[in-house]
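A.B. asks: Numbering (the numbering used here), first residue to last: 947 to 1350. Glycine included, C-beta positions come from ideal geometry on N, C-alpha and C.
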Amino acid sequence: MKNVRKDFPILERKINGRRLVYLDNAATSQKPKQVLEAIAGYYSNHNANIHRGLHLLSEEATAMYEESRKKIAGFIGANCPEELIFTKGATESLNMVATTWGAANLKKGDTILLGDFEHHSNMVPWLEIAEKTGAEIEYLESDENGEIHLEEVEKKMTGRVKLISLTHASNVLGTIVPIKEICGLATEKGILVSVDGAQAAPHLEINMADLGCDFYSFSAHKMLGPMGVGALWVKREILERLNPYEFGGGMIDEVSYQKATYAAIPARFEAGTPNVAGTVGFAAAADYLEKIGMDDIRQHEIGLNKYLSEKIKEIDGLKVVGPKEPEKRTGLASFSIAGIHAHDVASVLNDYGIAVRAGHHCVMPYHAKIGLTGTTRASFYLYNTEEEIDRLVEGIKKAVEILS
Ligand SMILES: Cc1ncc(COP(=O)(O)O)c(C=O)c1O
947 MKNVRKDFPI LERKINGRRL VYLDNAATSQ KPKQVLEAIA GYYSNHNANI HRGLHLLSEE
1007 ATAMYEESRK KIAGFIGANC PEELIFTKGA TESLNMVATT WGAANLKKGD TILLGDFEHH
1067 SNMVPWLEIA EKTGAEIEYL ESDENGEIHL EEVEKKMTGR VKLISLTHAS NVLGTIVPIK
1127 EICGLATEKG ILVSVDGAQA APHLEINMAD LGCDFYSFSA HKMLGPMGVG ALWVKREILE
1187 RLNPYEFGGG MIDEVSYQKA TYAAIPARFE AGTPNVAGTV GFAAAADYLE KIGMDDIRQH
1247 EIGLNKYLSE KIKEIDGLKV VGPKEPEKRT GLASFSIAGI HAHDVASVLN DYGIAVRAGH
1307 HCVMPYHAKI GLTGTTRASF YLYNTEEEID RLVEGIKKAV EILS
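Structure (C-alpha cells):
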C-alpha cells in the first residue's frame, strides 16, 4: 500500500518521542484528509437541515445526504438505496434489529442462534429481547481455533430457530465466518440471518446479493469514516414490514391530535435530524476504499499478518488466539503471554509509541470460555507497514524483558 500514508495526517504524530505506530484499527481507524475535507466542505459550504427546507442550502444538504446513501448502498452491493438506513453505528443498527424485528416476531418457544464469540453489541440486545419475549438464546460453539463449522450450524438449526445473528468477522480472533454458506442453509429452513459486519465491511469486499443475509450492520468509523454514523441494511421485503424504531420528526407521513401515519422507507427509520456531515464523510471513506481496492487491502493485511506470525514465533510464551493460518483472519492478531497481564503489555508498548488495545474487547464470555481475562490485540489497516510490525515485535520483546 504505497503512498497512502501521506493521506493520514495523524500518522506523522510522535508519541513518547517516537513516531506513532497505530495498531488499534479494530477499535477505530484513522481518517484520510479526503474524509476530513469532505466533512469540512459540507459544514463550510452546504450546512442546513435536510428534507424540511425549501431554500437552496437545505436542498443541497438533502441531495448530499441521499447521495451518501446511494454511495454506501453501492459499496455493499445493495439492490437499492432505500434498503439502507443510516444509524449512529453498528451498535444502534444491531439494537434496531432486536427491538424492531425481534420484539414483533419472537415469542416463548422460539430460539435465536448466536455465535460464541459475538461482540457485546450483538449479544446484549438479544439477551434483553429474549427476556422480554420469552424466546431463548443458543450459542454456536466455535472450535479450539475459533472457527465455526457448518456442521455445528446445521445441528443447531432446529425448527425453533427463527433468526441467526452472527458476526461476519470476529474483533478478537479475526475469524471470518462463512456467512454465505450459513445463509444458504438458513434460507432452506426459512430462518432469517442478521450479520454484524462491523469488522468485515472495512476489510473485505462485501455484497448483499451475494451473501444472502437479511440484515447487515456496520460502522463508518472503522472504515476510515467519522464516528457517530453507521448503517443498517435490510432486505426490502422485510424492511417494508418492520415497525419504526424511533418516533418523531422526519419519519411521519401525517399527524393529527389522535394519530400518526408513517413515511415510506428509509425515512420511516430515521427520526430526527440525522448526522448529515457524518454520512458525507462516510461516503468519502467508501470512495477512498474503492479507489485503493478492497482486494488489495485484503492482500496487504494478509501479508502483514503472515509477517507478524513469523516474527512473533521468537517470543517465548506468546500465543495468538483464533485461526492459526493468517489468511483465515482479518488483519489482526490477539495474543496472550504466559504470566504477563495484557494491560501491562499495552502500557509498555505505549511507552514506545505503539498503540494497541488490551482487555476483553467487549467479548467477555468468549475470553472466559478460553480461560483468559483479556488479550492484547494488534489490528492493522491499509496504512500499516512491515517496519511497524518490526517495531511492535521489538516492543513486545521489551515488555517481556521488563515484566517477566
Ligand atoms: C464485531 C463488532 N461488532 C460491533 C461493534 C460495535 O461497533 P460500534 O462501537 O461502532 O457501534 C464492534 C466495535 O468494536 C465490533 O468490533
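1) Rounded to the nearest angstrom, what separates residue 1054 and residue 1222 at their Cα positions?
2) How big is the Cα-Cα spacing for residue 1042 and residue 1292?
3) For residue 1220, tell me which candidate among 997, 949 and 947 has the shortest Cα-Cα distance.
4) What first and last residue would you give for the alpha helix (DSSP H) that runs through residue 1288?
5) Whose CA, out of 1028, 1258 and 981, lies closest to the CA of residue 1186?
6) Determine, using beta carbons only, whether residue 969 and residue 957 come nearer to each other than 8 Å.
7) When the distance is taken between beta carbons, is residue 1068 closer than 8 Å to residue 1142?
8) Within the chosen definition, does the stretch 1011-1024 reach the stretch 1229-1236 through at least 3 CB pairs nearer than 8 Å?
9) For the alpha helix (DSSP H) that contains residue 1252, what are its first and last residues?
10) Over the uninterrupted alpha helix (DSSP H) stretch that includes residue 1107, give me the two end residues.
11) Pick out whichever of 1100, 1158 and 1104 has its Cα sitting closest to the Cα of residue 1114.
12) Might you give, ordered along the chain, the residues of its own chain that have their beta carbon closer than 8 Å to the beta carbon of residue 1085, omitting 5 neighbours on each side?
13) Could you check which residue in 1131, 1224 and 1070 has the C-alpha nearest to that of residue 993?
14) Out of 1295, 1348 and 1282, point me to the one whose CA is closest to residue 1321's CA.
15) Can the beta-carbon of residue 1290 be found closer than 8 Å to that of residue 962?
16) Taking only runs that begin and end inside the stretch 1152-1224, name each unbroken beta strand (DSSP E) of 3 or more residues, in chain order.
17) Restricting to runs no shorter than 4 residues, where is the alpha helix (DSSP H) found entirely within the stretch 1055-1122?
18) I need the straight-line Cα distance from residue 1080 to residue 1056, nearest angstrom please.
19) Within the present structure, is the beta-carbon of residue 1117 separated from the nearest heavy atom of ligand 1 by less than 7 Å?
20) Give a yes or no on contact between the stretch 1251-1265 and the stretch 1169-1181, applying the rule of three or more CB pairs nearer than 8 Å.
21) Residue 1068: beta carbon under 7 Å from a heavy atom of ligand 1?
22) Report, in whole angstroms, the separation of the C-beta atoms of residue 1198 and residue 1210, which I expect to be a contact under 8 Å.
23) So, helix, strand or coil for residue 1125, using DSSP?
24) I'd like to confirm something about residue 1297: is its beta-carbon nearer than 7 Å to some heavy atom of ligand 1, or not?
25) So, with DSSP's three-state summary, where would you put residue 1346?
26) Among 1312, 1137 and 1238, whose alpha-carbon lies nearest the alpha-carbon of residue 951?
C.D. replies: Taking the structure as given:
1) 40 Å
2) 34 Å
3) 997
4) 1288-1297
5) 1028
6) no
7) yes
8) yes
9) 1240-1258
10) No alpha helix (DSSP H) holds residue 1107; the beta strand (DSSP E) holding it covers 1107-1113.
11) 1158
12) 1059, 1060, 1061 and 1062
13) 1224
14) 1282
15) no
16) 1161-1165, 1176-1180, 1198-1201 and 1206-1208
17) 1070-1079 and 1096-1102
18) 8 Å
19) yes
20) no
21) yes
22) That belief does not hold up - the Cβ atoms of residue 1198 and residue 1210 are roughly 11 Å apart, past 8 Å.
23) helix
24) no
25) helix
26) 1238
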